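At position 43 of the sequence shown (counting the first as 1) the number is 615 in the working numbering, and the numbers step up by one without a gap.
Where a beta carbon is used, it is the ideal one built from N, C-alpha and C, also for glycine.
Note that the coordinates shown come from a computational prediction; the quantities given were computed from them, not determined experimentally.
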Amino acid sequence: MATPIVVQSPPIPVPTPTPAPDTQFVTPVPVISPQYCELHPFDLAIVRKVRIYSSGNFVVTDTNGNVIFNVKSRASLFRDRRVLFDAAGNPVVTLREKV
Numbered sequence: 573m574a575t576p577i578v579v580q581s582p583p584i585p586v587p588t589p590t591p592a593p594d595t596q597f598v599t600p601v602p603v604i605s606p607q608y609c610e611l612h613p614f615d616l617a618i619v620r621k622v623r624i625y626s627s628g629n630f631v632v633t634d635t636n637g638n639v640i641f642n643v644k645s646r647a648s649l650f651r652d653r654r655v656l657f658d659a660a661g662n663p664v665v666t667l668r669e670k671v
């Protein structure tokens, strides 16, 4: 029986990320759609109803209490799913638990 030969290669150098210049959202890069991009930062709040049984649903509002997004959770036998809806109730994206 032959002995296995183990070859180790040197680690591949990973470049250090350079910090972004001190500019705010000069060129926004939309992840989902440009309609969800803002040129200036603003505060959002996650609002959940406190209950004994939590369904995992919550609302994202701005500082004035205007609903920006709704998140609804759906549990299944295999994985959890959350659907992000815009203020008009249109589905924006589905988030699934990684298997």
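### Query
Where does Pro602 sit, in a helix, a strand or coil, going by DSSP?
Reduced to three states, the DSSP call for Pro602 is coil.
### Message
Need the endpoints of the beta strand (DSSP E) that Leu667 sits in, please.
### Response
Pro663 to Arg668
### Integer Cβ distance of Leu616 from Ile640, believed to fall under 8 angstroms
6 angstroms
### Query
In whole angstroms, what is the alpha-carbon distance linking Lys670 and Asp634?
29 angstroms
### Task
Return the chain-ordered list of same chain residues with a C-beta closer than 7 angstroms to the C-beta of Pro663, the five sequence neighbours on each side being excluded.
Val655 and Phe657
### Task
Would you kindly report the start and end of the unbroken beta strand (DSSP E) that includes Leu656?
Asp652 to Asp658
### Query
What does Lys621 pair with, by DSSP beta-bridge criteria?
According to DSSP, Lys621 bridges with nothing at all.
### Task
Measure the alpha-carbon distance for Asn642 versus Val632 and round it to whole angstroms.
6 angstroms
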